[in-house]
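S.K.: Take 261 as the starting number for the sequence shown in the numbering used here and just add one per residue. Glycine included, every Cβ here is placed at the ideal spot set by N, Cα and C. Provided herewith is a single structure, encoded as structure tokens, for subsequent inquiry.
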Amino acid sequence: MRKQTVEATQGAWHRTPSFIRTPIWVMGQTFRLYVNDDCGTYAAAIAYYALFSIVPLSLITLSILGLVVDQERIVRFVFDQIPLRETQAVQNNVDSIVGRAKQISVAGLSFGVIALVWSGSGIFSAVRRGLNAAGNRRGRPYWRSKMLDFLLIPAFGLMILSAIVASAALQVLIERGANVGPISFNTSRAFQLASYGATATGSFTMFFLLYRFVPAERERWRPVVASALFATLLFELVKNTGAFVISKAPFSTDTAIYAGFSTAFAFLFWVFLNASILLLGAEFGRAIALHGRERRQRELLAEASARHATQVETGVPSVTHMSNL
């Protein structure tokens, strides 16, 4: 009875159209690879290192950005990337932190650079190891790996700077475009939509570069693009969902009592979610590559079977038969 049920299930599965069967297979394979490669542990390690690197990373990034970018745009970027409750008190706190970071002395900035290199290399090392585990790859030699970790630190800052500059440029273009031509539109709504597009583009670029250059072995373009698209979609979905939940969640005095603990826990959980998305995206690209290889193998087997059947019908001996003579 059980065997008949299994056969019936397999038959129904093979009769399912490929446009339904393929996404289900790829998603199932993605989560199976994620569990088998122990990606949850690597995501937790990334969150752990991020907890200790967030202070020097934020200070040095905000200090350098403050030299070339307006403070208001930096604050807006923080709210766009982190799902914070946009109350006046929270905005004042973020604005105060950004303002203090801009006033750090040269000596403090130098100390921040040293601390950033020390702690930031740890989080990028965890990211690198997680991506290697997700791709089932062996790591690079130690010193090459550490050099890559150090190079990722300024690359991370440049990506943030590029995102802020792009957002500012979009705002200027939208405001000028509203004054040109007979058609008027809501610049606030247009800028909001453009900001979503800019942040999504920045997220895709970040994921693409991580998947392409961080692992020990270069992956093909198609799985890398698929991984980056999948991770960007998940990241933007989780980020905007988190922002919506926080905006609707009630905050009271009892909540403020545990503010110190809850903030650290929320940060850890948020980074763990993002790290899980990063590794899930890597496994998604790997699942697509596996599906492509299996499909090519099935096509080759089908071609070989058809060729053999044709040779039998026409009486032409096959290569295997000729070798046995």
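If you reduce the DSSP assignment to three classes, tell me which class GLY395 lands in.
M.R.: On the sequence shown, residue 395 is found 135 positions in, with the first residue counted as 1. If DSSP states are grouped into helix, strand and coil, GLY395 belongs with coil.
S.K.: Note down, in chain order, each residue of its chain lying with its Cβ closer than 7 Å to the Cβ of LEU412, except the 5 sequence neighbours on either side.
M.R.: The count along the sequence shown starts at 1 and reaches residue 412 at position 152. Closer than 7 Å at the Cβ level, and outside the excluded window around LEU412, lie PHE384.
S.K.: According to DSSP, is VAL474 part of a helix, a strand, or is it coil?
M.R.: Residue 474 sits at position 214 when you count from the first residue of the sequence shown. Of the three classes helix, strand and coil, the one that applies to VAL474 here is coil, per DSSP.
S.K.: Span of the alpha helix (DSSP H) holding THR290?
M.R.: Here residue 290 refers to the residue found at position 30 when the sequence shown is read from its first residue. Note, THR290: alpha helix (DSSP H), 278-296.
S.K.: How should GLY545 be labelled, buried or exposed, when 16 other C-beta atoms within 10 angstroms of its C-beta is the threshold for buried?
M.R.: For this step, residue 545 is matched to residue 285 along the sequence shown. When all chains shown are included, GLY545 counts as buried.
S.K.: Let me confirm a value: ARG388 is counted as buried when at least 16 other C-beta atoms fall within 10 Å, else exposed. Which label applies?
M.R.: In the sequence shown, counting from the first residue as 1, residue 388 sits at position 128. It counts as buried.
S.K.: Rounded to whole angstroms, what is the Cα-Cα separation between ALA281 and ASN296?
M.R.: Taking the first residue of the sequence shown as 1, we reach residue 281 at position 21. Taking the first residue of the sequence shown as 1, we reach residue 296 at position 36. The identity of residue 281 in the sequence shown is Arg, whereas the question assumes Ala. Each residue's alpha carbon lies about 22 Å from the other.
S.K.: What separation, rounded to the nearest whole angstrom, lies between the Cα atoms of PHE588 and ASP298?
M.R.: Residue 588 lies beyond the residue range present for the chain, which begins at 261 and ends at 585; the question has no answer from this structure.
S.K.: Considering only the alpha carbon of each residue, which of GLN571, PHE529 and LEU540 lies closest to ALA488?
M.R.: Position 228 of the sequence shown, counting from 1, holds the residue named residue 488. Looking at the Cα atoms, LEU540 is the closest of the given residues.
S.K.: Between the segment 563-571 and the segment 492-505, are three or more C-beta pairs nearer than 8 Å?
M.R.: Contact fails: fewer than three Cβ-Cβ distances are below 8 Å.
S.K.: Could you give the distance in angstroms between the alpha-carbon of THR276 and the alpha-carbon of PRO283?
M.R.: Reading the sequence shown from its first residue, position 16 is the one you call residue 276. Reading the sequence shown from its first residue, position 23 is the one you call residue 283. Between THR276 and PRO283, the C-alpha separation is close to 12 Å.
S.K.: Find out if the Cβ-Cβ distance for the pair ALA535, LEU293 is shorter than 8 Å.
M.R.: As a working note, residue 535 is residue 275 in the sequence shown. As a working note, residue 293 is residue 33 in the sequence shown. Contact flag unset, no.
S.K.: Quick check on this structure: which residue in PHE416, GLU477 and TRP285 has the alpha carbon closest to the alpha carbon of MET466?
M.R.: For the purposes of this step, residue 466 is taken as residue 206 along the sequence shown, with counting starting at 1. Among PHE416, GLU477 and TRP285, the Cα nearest to that of MET466 belongs to PHE416.
S.K.: Among residues of its own chain, excluding the 5 on either side of VAL485, which ones have a beta-carbon nearer than 6 Å to its beta-carbon?
M.R.: By one-based count along the sequence shown, residue 485 stands at place 225. Around VAL485: no qualifying Cβ.
S.K.: Just the C-alpha distance for GLU563 and LEU470, rounded to the nearest angstrom, thanks.
M.R.: In the sequence shown, the residue the question calls residue 563 occupies position 303. In the sequence shown, the residue the question calls residue 470 occupies position 210. So the alpha carbons of these two residues sit roughly 38 Å apart.
S.K.: Could you check if VAL505 is buried or exposed, using at least 16 other CB atoms within 10 Å of its CB as the buried criterion?
M.R.: Taking the first residue of the sequence shown as position 1, residue 505 is located at position 245. It is exposed - the Cβ of VAL505 has fewer than 16 other Cβ atoms within 10 Å.
S.K.: Alpha carbons only, please: which of ARG482, PRO475, HIS551 and GLU479 is nearest the one belonging to ASP409?
M.R.: As a working note, residue 409 is residue 149 in the sequence shown. Minimum Cα distance to ASP409 is reached at PRO475.
S.K.: Tell me, to the nearest whole angstrom, how far the beta carbon of GLY390 is from that of ILE306; I am working on the premise that it is less than 8 Å.
M.R.: Translated into the one-based positions of the sequence shown, residue 390 becomes position 130. Translated into the one-based positions of the sequence shown, residue 306 becomes position 46. So it is a contact: roughly 6 Å between Cβ atoms.
S.K.: For ALA569, which of helix, strand or coil comes out of DSSP?
M.R.: Along the sequence shown, one-based indexing puts residue 569 at 309. Note: ALA569 maps to helix in three-state DSSP.
S.K.: What do you reckon, are the CB atoms on TYR302 and ALA386 nearer than 8 Å?
M.R.: Working through the sequence shown from its first residue, we reach residue 302 at position 42. Working through the sequence shown from its first residue, we reach residue 386 at position 126. Yes, the pair counts as a contact, with Cβ atoms nearer than the cut-off.
S.K.: Mapping DSSP to helix, strand and coil, what is PRO401?
M.R.: The count along the sequence shown starts at 1 and reaches residue 401 at position 141. The answer is coil: DSSP assigns PRO401 none of H, G, I, E or B.
S.K.: Can you have a look at GLY552 and say buried or exposed, based on whether 16 or more other CB atoms are within 10 angstroms of its CB?
M.R.: On the sequence shown, residue 552 is found 292 positions in, with the first residue counted as 1. By the 10 Å Cβ count, GLY552 comes out exposed.
S.K.: Thinking THR290 and GLU543 are a contact (beta carbons under 8 Å), I'd like their distance in whole angstroms, please.
M.R.: Your numbering for residue 290 matches position 30 in the sequence shown. Your numbering for residue 543 matches position 283 in the sequence shown. Indeed they touch by this definition, with Cβ atoms about 5 Å apart.
S.K.: Throw me the rounded Cβ distance for the ALA491 and LEU550 pair, which I believe falls under 8 Å.
M.R.: In the sequence shown, residue 491 corresponds to position 231, counting from 1. In the sequence shown, residue 550 corresponds to position 290, counting from 1. Contact doesn't hold; Cβ gap of about 18 Å is too wide.
S.K.: Restricting to Cα atoms, I'd like to know which of PHE473, THR574 and ASN352 is closest to MET226.
M.R.: The requested residue 226 does not occur in the structure, where the chain is confined to residues 261 to 585.
S.K.: Could you check whether SER463 and GLY382 sit closer than 8 Å to each other, using their CB atoms as the reference points?
M.R.: Taking the sequence shown and counting its residues from 1, the one referred to as residue 382 is at position 122. Taking the sequence shown and counting its residues from 1, the one referred to as residue 463 is at position 203. Cβ distance not < 8 Å, so GLY382 and SER463 don't count as in contact.
S.K.: By Cβ distance below 8 Å, which residues in the same chain neighbour LEU311 in space, the five residues on each side in sequence not counted?
M.R.: Within the sequence shown, numbered from 1, the residue matching residue 311 stands at position 51. So the list reads ALA524, PHE527, LEU528 and VAL531, once near-sequence residues are dropped.
S.K.: So, at 7 Å on beta carbons, what are the nonlocal neighbours of LEU533 in its own chain, with the 5 sequence-adjacent residues on each side left out?
M.R.: On the sequence shown, position 273 is the one that residue 533 refers to. Closer than 7 Å at the Cβ level, and outside the excluded window around LEU533, lie VAL498.
S.K.: If I'm right that GLU477 touches ARG404 with Cβ under 8 Å, what's the distance once you round it to whole angstroms?
M.R.: Here the question's residue 477 lines up with position 217 in the sequence shown. Here the question's residue 404 lines up with position 144 in the sequence shown. Contact doesn't hold; Cβ gap of about 13 Å is too wide.
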